[in-house]
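Numbering (this note's numbering), first residue to last: 13 to 274. By construction, the Cβ of each residue, glycine as well, lies at the ideal position given by its N, Cα and C atoms. Computed from a predicted model, the values in this text were never measured in an experiment.
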């Protein structure tokens with residue numbers, strides 16, 4: 013990696029921190045590559061080794077969109093080169109979206125442009141009350157194209173139609189109302205407490221059960237009702253007879269903590 017992202021560990025919890033505070037963690041080629049590499053590396057870890065990922069930004073903002081110098085350089089690229097550039101961004105977002113471990117986004121300061129894509133691909137998005145949000149691309153004469161599949165899946169077409177063309181900025185309460193953010197906290201201290209609590213909840217769940225619960229949501233996206241039924245019936249049957257499922261049910265009946273909570 014290039015140093016634009018810092019990955020740290022606390023046991024089975026990883027923290028992925030955008031580390032370009034001097035530009036409010038704005039995207040450039042290095043940050044995109046480092047995020048893709050970080051989540052590719054983490055995705056290979058087994059459930060017992062990695063049970064939660066916290067995605068955060070260093071400094072004053074979570075992610076303020078695209079780096080000005082990077083955008084200026086893209087203006088001189090050919091259409092083919094710009095497509096390759098955009099594809100790398102799309103693949104990075106897809107790697108976070110598809111990461112088997114649950115991802116908790118800690119959002120503060122600003123989440124603009126591509127930073128909105130990061131909010132959308134996280135499983136649980138928490139924001140400080142004074143965070144500013146916006147699909148600001150149209151203000152620059154471009155558009156929120158690469159992030160749109162992830163964002164529309166999160167907030168719906170109606171909200172996207174209201175917010176994509178204007179590029180207007182909005183507050184954390186509106187971000188929560190449209191479903192981009194799950195909870196708004198008073199300040200960063202309160203948000204850190206809530207992040208710790210959410211991670212604690214994830215650690216109390218069965219490692220494979222938590223991952224499978226996340227996976228089954230994405231697996232149903234393009235399925236017919238009959239195929240959804242087949243998928244979900246098979247999934248719960250397999251989990252019930254798995255060692256983890258047996259341990260969880262036995263622990264509940266025995267009124268003791270499950271093994272993964274020791």
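query	result
Separation of residue 51 from residue 155, as counted between CA atoms	26 Å
Collapsed DSSP secondary structure at residue 20 in the structure displayed	strand
Complete beta strand (DSSP E) runs within the region 60-104 (minimum length 3 residues, chain order)	64-69
Under 9 Å between C-beta atoms of residue 33 and residue 223	no
Sequence ranges, alpha helix (DSSP H) only - wholly within the region 110-177, length at least 4	126-133, 160-167, 169-175
Exposure label - residue 80; buried when at least 16 CB within 10 Å	exposed
Cβ distance (whole Å) where residue 177 is taken to contact residue 150 below 8 Å	6 Å
Within 9 Å, strictly: CB atoms of residue 75 and residue 126	yes
Rounded separation between residue 161 and residue 272 - CA only	35 Å
First through last residue of the alpha helix (DSSP H) which encompasses residue 182	Careful: residue 182 lies outside any alpha helix (DSSP H), inside the beta strand (DSSP E) at 181-183.
Secondary structure of residue 54, DSSP reduced to three states	helix
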